[in-house]
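Numbering (our numbering), first residue to last: -4 to 65.
Even glycine gets a Cβ: it sits at the ideal position worked out from N, Cα and C.
Every value quoted in this text rests on a predicted model; they were computed, and no experiment measured them.
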């Protein structure tokens, strides 16, 4: 079974373990097949991080800095 390790409301790791596994790490292991590292966990619900598209930069190749073609 897959478990999301949640610390302070954020998924910090995904592990595969049996139901009887007694974890030896910080955080809480919550069964989930959908959660990913970086997602939030609040009120029993996993949510992906919110991405602000207005602040995302376009990927640039170093050669484009001087107007050269890649």
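Using the Cα positions of residue i and residue j, report the straight-line distance between them to the nearest angstrom.
| i | j | result |
| --- | --- | --- |
| residue 0 | residue 46 | 22 Å |
| residue 36 | residue 5 | 6 Å |
| residue 34 | residue 22 | 14 Å |
| residue 49 | residue 14 | 42 Å |
| residue 39 | residue 8 | 17 Å |
| residue 44 | residue 32 | 10 Å |
Label residue i either buried or exposed according to how many other C-beta atoms from any shown protein chain fall within 10 Å of its C-beta, with 16 as the threshold for buried.
| i | result |
| --- | --- |
| residue 16 | exposed |
| residue 12 | exposed |
Give a yes or no on whether the C-beta atoms belonging to residue i and residue j are separated by under 8 Å.
| i | j | result |
| --- | --- | --- |
| residue 10 | residue 19 | no |
| residue -3 | residue 27 | yes |
Looking at the unbroken beta strand (DSSP E) that takes in residue i, where does it start and where does it end?
| i | result |
| --- | --- |
| residue 50 | No beta strand (DSSP E) contains residue 50, which DSSP labels as neither H nor E. |
| residue 23 | 23 to 26 |
State yes or no: is the beta carbon of residue i nearer than 8 Å to at least one beta carbon in chain D?
| i | result |
| --- | --- |
| residue 31 | Note that chain D does not occur in the displayed structure, where there is just one protein chain. |
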